[in-house]
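Shown next, in structure tokens, is the structure this report addresses.
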Amino acid sequence: MGVRIKRPRSREPAHQTILTGTGPSRALSVNCVCFLNLSRSTAMTDETLEIQHYQKDGVGRFWAKVDGGEAELTYWLRDDDAMVIDHTYTPPEARGKNIARTLTERAVAEAQEYNLRIHPKCPYVDKLFQRRPEWASLRV
-6 MGVRIKRPRS REPAHQTILT GTGPSRALSV NCVCFLNLSR STAMTDETLE
44 IQHYQKDGVG RFWAKVDGGE AELTYWLRDD DAMVIDHTYT PPEARGKNIA
94 RTLTERAVAE AQEYNLRIHP KCPYVDKLFQ RRPEWASLRV
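Counting from 1, position 138 in the sequence shown corresponds to residue 131 in our numbering; the numbering is continuous, with no gaps.
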């Protein structure tokens, strides 16, 4: 699955980070926008999902505009370098297109990049973790 970073408009920074000293929120990206090509998915072909990420003060959200509204994954960061994924949602009109899975994969990639472990509190994400043995070492 290819990832492209959206080029900023002239007044927007290309990438922002927050630096808070200690804890997992010290280097997570804020307002990161990326495009994921979902052409490998059998349910969604020749479509691109624009995933946006916002995180502030240890609370974050990955989201994408889809048919019917916004799909989202929300999380919060614990002081022990763990990302607690507590919620996923896909509007009914966009279900069955692997969008929640793609948001979860993006959150997992972000956690790996910043050496965070994941507590999959959301039942959907917990089920994905059970199906993905390569993520077992990330689980809290």
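From the three backbone atoms N, C-alpha and C, an ideal C-beta is built for every residue, glycine too.
In terms of CA proximity to residue 67, 116 leads the group 126, 116 and 41. Of all alpha-carbon atoms in 112, 93, 92 and 96, the one lying nearest the alpha-carbon of residue 73 is that of 112. The beta carbon of residue 131 sits closer than 6 Å to those of 110 and 111, all from its chain and outside the five residues before and after it, given in chain order. A straight-line Cα-Cα distance of about 19 Å links residue 93 and residue 129.
In the three-state reduction of the DSSP assignment, residue 118 falls in the helix class. DSSP, read as helix, strand or coil, puts residue 113 in strand. A contact between stretches requires three or more CB pairs, one per stretch, nearer than 8 Å, and the segment 75 to 83 meets this requirement with the segment 46 to 65.
Its chain contains 113 as the residues whose beta carbon lies nearer than 8 Å to that of residue 119, once the 5 sequence neighbours on both sides are disregarded; these appear in chain order. As the crow flies, the alpha-carbon of residue 123 is around 26 Å from that of residue 86. Exclusion of the five residues before and after residue 78 leaves 66, 67, 68, 97, 100, 111, 112, 113, 114, 115 and 118 as the residues of its chain whose Cβ lies within less than 8 Å of its Cβ.
For the beta strand (DSSP E) assignment, the uninterrupted runs of no fewer than 3 residues enclosed by the segment 57 to 109 are, from N- to C-terminal side, 62 to 71 and 75 to 82.
Comparing alpha carbon positions, the residue from 46, 57, 44 and 103 closest to residue 76 is 103. Shown here, residue 124 sits in a helix according to DSSP, grouped into three states.
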